[in-house]
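These notes concern the structure reproduced below.
Number of protein chains: 2
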Amino acid sequence: MKLIPYHQVNLRGGYLFEKQELNTKTTINAVYDRFYETGRITAFKFGFPEKDPVQPHYFWDSDVAKWMEGAAYILRRESHPDLEAKVDEIVEDIARNQCEDGYFNIFFTVVQPENRWANRDWHELYCAGHLMEAAVAYAEATGKTKFLSCMEKYADYIARVFMEEHSAAFSTPGHEEIELALVKMYRYTGKKQYLDLAAYFINTRGTEADSNRVAYNQSHQPVREQDSAVGHAVRAVYLYTGMAYLAKETEDESLVAACKKLWKDIAGQKMYITGGLGSTYIGEAFTTPFDLPPDQAYTETCAGIALCFFANGMLALENRAEYADVIERALYNGVTSGVSVGGDQFFYENPLEINLSERFTSVWGARRFPAHRRVACFGCSCCPPNMNRLLASLGNYVYGVDGDTLYVNQFASSDVTADGITASVETDYPRNGRVTVTAAGAARIAIRIPAWCDSYTVDHSYTLQDGYAMVENDGTPVTVTFDLTPRRVWADTRVLRAAGQAAVMRGPVVYCAEGLDNGEGELHNYILSRSFNAVEEGSDTYGLPTLSVSCVKRVAEEGSLYSNTPPKTEDAVLKLIPYNAFANRDETDMRVWFLAE
Amino acid sequence: MKLIPYHQVNLRGGYLFEKQELNTKTTINAVYDRFYETGRITAFKFGFPEKDPVQPHYFWDSDVAKWMEGAAYILRRESHPDLEAKVDEIVEDIARNQCEDGYFNIFFTVVQPENRWANRDWHELYCAGHLMEAAVAYAEATGKTKFLSCMEKYADYIARVFMEEHSAAFSTPGHEEIELALVKMYRYTGKKQYLDLAAYFINTRGTEADSNRVAYNQSHQPVREQDSAVGHAVRAVYLYTGMAYLAKETEDESLVAACKKLWKDIAGQKMYITGGLGSTYIGEAFTTPFDLPPDQAYTETCAGIALCFFANGMLALENRAEYADVIERALYNGVTSGVSVGGDQFFYENPLEINLSERFTSVWGARRFPAHRRVACFGCSCCPPNMNRLLASLGNYVYGVDGDTLYVNQFASSDVTADGITASVETDYPRNGRVTVTAAGAARIAIRIPAWCDSYTVDHSYTLQDGYAMVENDGTPVTVTFDLTPRRVWADTRVLRAAGQAAVMRGPVVYCAEGLDNGEGELHNYILSRSFNAVEEGSDTYGLPTLSVSCVKRVAEEGSLYSNTPPKTEDAVLKLIPYNAFANRDETDMRVWFLAE
Chain E
316 MKLIPYHQVN LRGGYLFEKQ ELNTKTTINA VYDRFYETGR ITAFKFGFPE
366 KDPVQPHYFW DSDVAKWMEG AAYILRRESH PDLEAKVDEI VEDIARNQCE
416 DGYFNIFFTV VQPENRWANR DWHELYCAGH LMEAAVAYAE ATGKTKFLSC
466 MEKYADYIAR VFMEEHSAAF STPGHEEIEL ALVKMYRYTG KKQYLDLAAY
516 FINTRGTEAD SNRVAYNQSH QPVREQDSAV GHAVRAVYLY TGMAYLAKET
566 EDESLVAACK KLWKDIAGQK MYITGGLGST YIGEAFTTPF DLPPDQAYTE
616 TCAGIALCFF ANGMLALENR AEYADVIERA LYNGVTSGVS VGGDQFFYEN
666 PLEINLSERF TSVWGARRFP AHRRVACFGC SCCPPNMNRL LASLGNYVYG
716 VDGDTLYVNQ FASSDVTADG ITASVETDYP RNGRVTVTAA GAARIAIRIP
766 AWCDSYTVDH SYTLQDGYAM VENDGTPVTV TFDLTPRRVW ADTRVLRAAG
816 QAAVMRGPVV YCAEGLDNGE GELHNYILSR SFNAVEEGSD TYGLPTLSVS
866 CVKRVAEEGS LYSNTPPKTE DAVLKLIPYN AFANRDETDM RVWFLAE
Chain W
316 MKLIPYHQVN LRGGYLFEKQ ELNTKTTINA VYDRFYETGR ITAFKFGFPE
366 KDPVQPHYFW DSDVAKWMEG AAYILRRESH PDLEAKVDEI VEDIARNQCE
416 DGYFNIFFTV VQPENRWANR DWHELYCAGH LMEAAVAYAE ATGKTKFLSC
466 MEKYADYIAR VFMEEHSAAF STPGHEEIEL ALVKMYRYTG KKQYLDLAAY
516 FINTRGTEAD SNRVAYNQSH QPVREQDSAV GHAVRAVYLY TGMAYLAKET
566 EDESLVAACK KLWKDIAGQK MYITGGLGST YIGEAFTTPF DLPPDQAYTE
616 TCAGIALCFF ANGMLALENR AEYADVIERA LYNGVTSGVS VGGDQFFYEN
666 PLEINLSERF TSVWGARRFP AHRRVACFGC SCCPPNMNRL LASLGNYVYG
716 VDGDTLYVNQ FASSDVTADG ITASVETDYP RNGRVTVTAA GAARIAIRIP
766 AWCDSYTVDH SYTLQDGYAM VENDGTPVTV TFDLTPRRVW ADTRVLRAAG
816 QAAVMRGPVV YCAEGLDNGE GELHNYILSR SFNAVEEGSD TYGLPTLSVS
866 CVKRVAEEGS LYSNTPPKTE DAVLKLIPYN AFANRDETDM RVWFLAE
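So the protein lines, in turn, are chains E and W. Count along the first sequence starting at 1, add 315, and that's the number in our numbering. Count along the second sequence starting at 1, add 315, and that's the number in our numbering.
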């Protein structure tokens with residue numbers, strides 16, 4: 316399908332809209348302010364190293380670029396002169412400080428100019444890619460082309476260095492990102508050299524022509540031979556997204572096939588129930604199939620966001636609801652957990668379990684303990700501005716068109732006009748399960764039926780096709796109603812760390828328990844019973860209902876540490892909140908997977 | 316009670332006797348050979364650093380000393396001229412190379428003489444303690460006093476340095492051990508200065524007079540204020556043993572009280588079901604109460620052995636079977652797991668769970684993975700010779716006498732003559748549960764009723780007192796029969812990592828499953844059912860029966876990673892072997908805690 320871009324989609328109410336609004340009102344400014352305070356913004360003035368108190372890091376360009384991209388998406392929707400002025404000032408800095416040959420990188424111009432293109436692991440092409448994405452977004456949003464011109468010049472220079480001169484110390488990016496960015500450059504400018512450069516980087520990767528091939532950055536094999544998601548999760552999924560984008564443009568079936576294999580590996584055996592990716596902090600990486608430890612989950616916010624990109628890229632290749640299902644899983648859970656309810660505190664890692672009792676530190680070091688407090692800014696602060704750009708462009712995930720069929724991929728009150736189709740969706744999903752679609756100009760409406768949904772009604776006759784309810788459009792509103800009754804969810808039995816346990820979901824939303832509501836050091840003692848019963852309560856705090864679940868609870872007794880009799884249990888109520896809202900209060904235990912009868 | 320020492324107890328059959336015999340026939344020689352090959356033995360010739368290919372390590376003295384102590388216990392029971400000659404040669408080396416002032420330490424005489432007593436963490440007093448224990452054992456075993464004389468001289472010198480001159484860079488041992496050794500020196504020689512030095516080290520520890528006080532080596536507080544087992548587990552429990560020994564000699568109630576608190580902390584909330592101690596490799600240490608992760612268990616063999624020492628020390632203070640229960644738990648499980656069935660391969664760590672699927676290594680490092688292969692010798696090879704001395708002195712744990720009461724603490728076919736009492740035990744425990752005690756010269760026989768045993772018979776009338784069945788002795792054999800039917804065992808609900816799970820025990824023996832018998836990557840899918848049924852099978856391989864347990868097993872199905880329906884199950888049989896025999900075949904999964912209905 317052709318995905319309808321965010322600027323043709325007007326979100327106007329509901330849960331995702333509120334997240335977008337919070338980004339516009341709070342998060343975009345909070346990220347800018349922290350970046351300003353930490354010197355990231357003024358770094359673009361190239362005052363380093365003499366004038367500024369801190370040294371720029373070699374990935375600072377990318378942090379700010381993602382913020383600029385997010386700002387651009389906001390500016391495409393509505394006027395914010397202050398915001399635009401901030402972007403413009405950075406654009407002026409870039410234009411003024413770009414090297415004569417087109418190169419732009421703060422650190423490798425000001426601090427270590429002798430090390431330009433010297434080390435594959437130093438993120439220059441990654442920074443370049445983010446600047447290019449931002450430049451495209453800003454041109455599209457404002458019609459101003461200065462930023463894009465700079466980045467075209469930069470891209471032309473990169474093409475010369477890597478494709479003609481081969482003068483860099485490496486052949487392909489150490490941190491992938493620029494591949495997908497170059498496809499965006501091509502799509503916006505129509506200039507084929509950017510697609511060619513994207514293809515060059517992707518096709519060279521992991522071949523004999525590539526240097527220093529390691530699985531950590533997915534250069535261990537030619538990409539078409541890769542069938543297992545390995546290494547640094549964000550790098551991996553940015554690469555796969557670039558591959559999917561390139562495959563869409565080139566209709567390269569061998570690349571499509573590789574994308575499908577990698578997708579299957581991720582969605583089938585390496586994805587947390589929250590849509591989080593990356594089972595270990597060691598290299599922020601994928602590990603082995605079905606290795607999904609909840610407390611040791613790394614599940615970087617950026618990896619969840621990258622998964623949305625990859626999934627949308629796959630959806631553009633193949634009209635299968637499974638891709639949109641994964642986007643939904645990530646959006647409502649492991650991605651939005653990355654930002655606080657207030658919009659100005661962030662998680663880089665998004666663990667699925669916190670046990671305060673297991674925190675241990677000695678003179679010999681500390682046990683790896685999950686992230687359990689949100690912070691305003693990180694040393695490596697890639698995630699907050701990634702949240703900016705994702706939330707500001709949520710419209711990208713809602714609609715697609717294929718011929719005369721309108722696809723509704725995500726459910727949000729919105730209007731869309733694209734390719735002769737005018738449509739609207741009315742819904743308060745996922746607060747309730749009713750979604751009404753009205754369309755003119757489309758012969759068919761394809762409404763995604765999420766795989767999690769065992770029970771739904773469609774008020775028109777329909778056929779099911781690859782996860783979509785296909786309705787012949789007669790112009791009348793089509794209403795689909797999903798049963799959102801809270802339910803227990805089990806992982807594949809090969810997921811060792813979820814054995815004997817179940818999670819609770821309501822529609823697409825994963826729930827968690829916190830110690831503050833249920834007792835510290837107690838969450839592992841609640842047992843979800845077979846006669847599962849959850850009462851929905853107010854949604855004021857988190858924008859989604861909280862749940863009170865009837866359980867039994869194992870009760871501590873004084874006595875010996877080991878006993879021949881099972882622990883006593885008592886009836887109890889487990890209070891659950893949406894997982895994406897965990898750690899918005901004090902430091903506390905948290906748990907997603909519960910013992911289940 | 317007064318514990319009857321090993322040399323007054325003649326073990327002559329059964330499981331523990333076989334372990335002792337394996338030590339005599341194989342393990343004692345295997346350890347010597349490895350120590351010889353690695354240069355540890357010839358290091359005593361002080362040829363370093365010029366003549367030998369490797370440098371001695373500053374704790375090598377202790378490795379060999381523990382082997383010598385083990386050899387001494389063997390020589391006390393039976394003649395082994397070759398073994399005795401080996402010990403004698405080392406003794407000659409020690410006598411020849413001991414410094415004029417009495418100091419003896421290979422490393423700090425040959426390699427870094429300038430650093431004598433310079434650093435609390437360099438194990439000099441620990442090595443000295445082990446040499447003293449060995450010297451006492453060797454004098455007692457052979458009547459030869461050269462070694463003991465050397466160590467008396469050394470102890471006198473240490474007393475001068477630490478109690479009079481205060482000329483060392485620290486005040487008390489960084490690795491405790493010498494405290495308990497000095498009490499042994501006192502007990503054997505009757506020279507009160509050794510008890511005084513033990514008291515000095517114990518009473519100075521953690522006071523203002525102590526230097527560099529840290530919890531890691533239990534010097535954070537005066538010992539009488541300590542009520543939580545913290546820091547390096549072996550150091551901790553050697554200290555507590557020294558405290559218990561000192562308290563026995565001095566009848567110091569405040570010290571007894573401290574020992575009891577520390578005991579309660581360990582046995583009540585910091586001990587694995589196997590008797591293993593130390594929940595983390597980070598500092599080989601105790602962590603927080605009820606923190607007993609099976610896969611991350613460190614549970615050093617030496618810590619389990621130290622627990623036997625401490626427990627016996629407590630038993631000498633108080634006639635309570637709970638102490639002997641813990642000795643039994645350690646002896647049959649987490650201690651004997653430290654040596655292979657063949658007697659020549661060792662574990663330093665004794666994990667309770669191995670999941671091969673979780674092994675992960677990248678360019679950024681490896682995930683902490685449990686020890687899963689036994690080896691012949693370690694760089695830090697403290698555990699194998701500790702096993703030598705423990706197994707050769709198992710008789711220490713069997714009997715006690717208090718007035719005219721004979722206490723039977725552990726069950727092994729044996730004869731004892733002590734304090735006017737002549738007694739014998741006939742049993743094949745723990746292969747079967749029948750224990751027959753015959754005694755002359757004792758008014759009462761006190762037979763331990765293990766706390767794990769819910770069902771037993773005594774063929775005489777008896778009263779229960781602190782875990783012992785007290786029988787008035789009429790000279791006829793007293794038979795106690797323990798029901799050894801395999802059973803499920805649960806941990807206190809505060810043990811997070813055993814939630815929803817149970818272990819299987821038969822009598823005192825903890826069982827485990829290995830992937831080789833039950834499928835790799837499958838052990839977490841077996842569910843112990845309420846109608847627990849275990850069939851006992853042959854005991855040829857491991858000296859104890861294996862078990863076949865009727866279970867249900869969760870079955871992997873192709874499909875989505877997360878599902879609204881619980882996994883299918885099928886009937887299955889789980890084959891269990893004694894935990895202490897794990898990892899005697901190929902690399903494989905292993906598990907102690909199983910899902911339980």
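The beta carbon of each residue, even a glycine, is placed where N, CA and C say it ideally should be.
By the criterion of a C-beta distance shorter than 8 Å, residue 405(W) is surrounded in its chain by 356, 359, 379 and 383, once the five residues flanking it on both sides are discounted. In the same chain as residue 517(W), and ignoring 5 residues on each side of it, the C-beta atoms closer than 7 Å to its own belong to 494, 538, 557, 558 and 561, in chain order.
The contact set of residue 836(E) on chain W, defined by CB atoms closer than 9 Å, consists of 605, 809 and 811 in chain order. In terms of Cβ geometry, residue 388(W) and residue 483(W) do not form a close pair [threshold 8 Å].
If you draw a straight line from the Cα of residue 800(W) to the Cα of residue 673(W), it is about 34 Å long. Residue 535(E) does not reach chain W, its nearest Cβ partner there being about 11 Å away, counting only Cβ pairs nearer than 9 Å. Legend: CB atoms of the region 760-773 of chain E lying less than 8 Å from CB atoms of chain W belong to residues 766, 767 and 769. The beta carbons of residue 891(W) and residue 864(W) sit closer together than 8 Å. Secondary structure at residue 586(W): strand, using DSSP grouped into helix, strand and coil.
Relative to the Cα of residue 569(E), the nearest Cα in the group 601(E), 632(E) and 533(E) belongs to 632(E).
For residue 597(W), the residues of chain E that pass the 8 Å Cβ criterion are 675, 677, 679, 680, 681 and 682, in the order they occur in the chain. Around the beta carbon of residue 792(W), a 10 Å sphere encloses fewer than 16 other beta carbons of the protein chains shown; the residue is thus reported as exposed. Distance from the Cα of residue 679(E) is smallest, within the candidate group 519(W), 760(W), 743(W) and 531(W), for 531(W). Cβ proximity to chain E below 8 Å picks out nothing from the region 613-641 of chain W. When 7 Å is used as the limit between beta carbons, residue 788(W) is near no residue of chain E, the shortest such separation being about 30 Å. Secondary structure note for residue 739(E): it is in no alpha helix (DSSP H), and the uninterrupted beta strand (DSSP E) holding it is 736-742. The C-alpha of residue 795(E) lies about 12 Å from the C-alpha of residue 753(E). When the Cα atoms are used, residue 592(W) and residue 876(E) turn out to be separated by approximately 13 Å.
Secondary structure at residue 382(W): helix, using DSSP grouped into helix, strand and coil. For residue 724(W), there is no enclosing alpha helix (DSSP H), as DSSP marks it with neither H nor E. At a Cβ-Cβ threshold of 8 Å, residue 470(E) and residue 418(E) do not count as neighbours.
Burial state of residue 848(W) is exposed, judged by a 10 Å Cβ sphere holding fewer than 16 other Cβ atoms. The C-beta of residue 541(E) comes no closer than 8 Å to any C-beta of chain W.
The beta carbon of residue 766(W) sits closer than 8 Å to the beta carbons of 636, 637, 640 and 782 from its chain, once the five residues preceding and following it are set aside; these are given in chain order.
With a threshold of 16 other beta carbon atoms within 10 Å, residue 868(E) meets it and is buried. The alpha-carbon separation between residue 321(E) and residue 330(E) amounts to approximately 17 Å.
Taking a beta-carbon distance threshold of 8 Å, residue 588(W) counts as an interface residue toward chain E. By the criterion of a C-beta distance shorter than 8 Å, residue 798(E) is surrounded in its chain by 748, 768, 769, 770 and 771, once the five residues flanking it on both sides are discounted. Between the C-alpha atoms of residue 689(E) and residue 653(E) there is a straight-line separation of about 8 Å. Taking a C-beta distance under 8 Å as the contact criterion, residue 835(W) and residue 901(W) do not qualify as a contact pair. As for any alpha helix (DSSP H) of minimum length 4 sitting wholly inside the region 758-820 of chain W, there is none.
Between residue 507(W) and residue 451(W) the beta-carbon gap is near 16 Å, outside 8 Å, which marks them as no contact. Approximately 12 Å separates the beta-carbon atoms of residue 376(E) and residue 465(E); this is outside 8 Å, ruling out the contact.
By the Cβ rule, the region 879-891 of chain E counts as touching the region 803-810 of chain W, because three or more pairs are nearer than 8 Å. Non-local C-beta neighbours of residue 829(E) in its own chain, meaning closer than 7 Å and more than five positions away in sequence, comprise 892, 897, 903, 904 and 905, ordered along the chain. Judged by DSSP in its simplified three-state form, residue 839(W) adopts helix.
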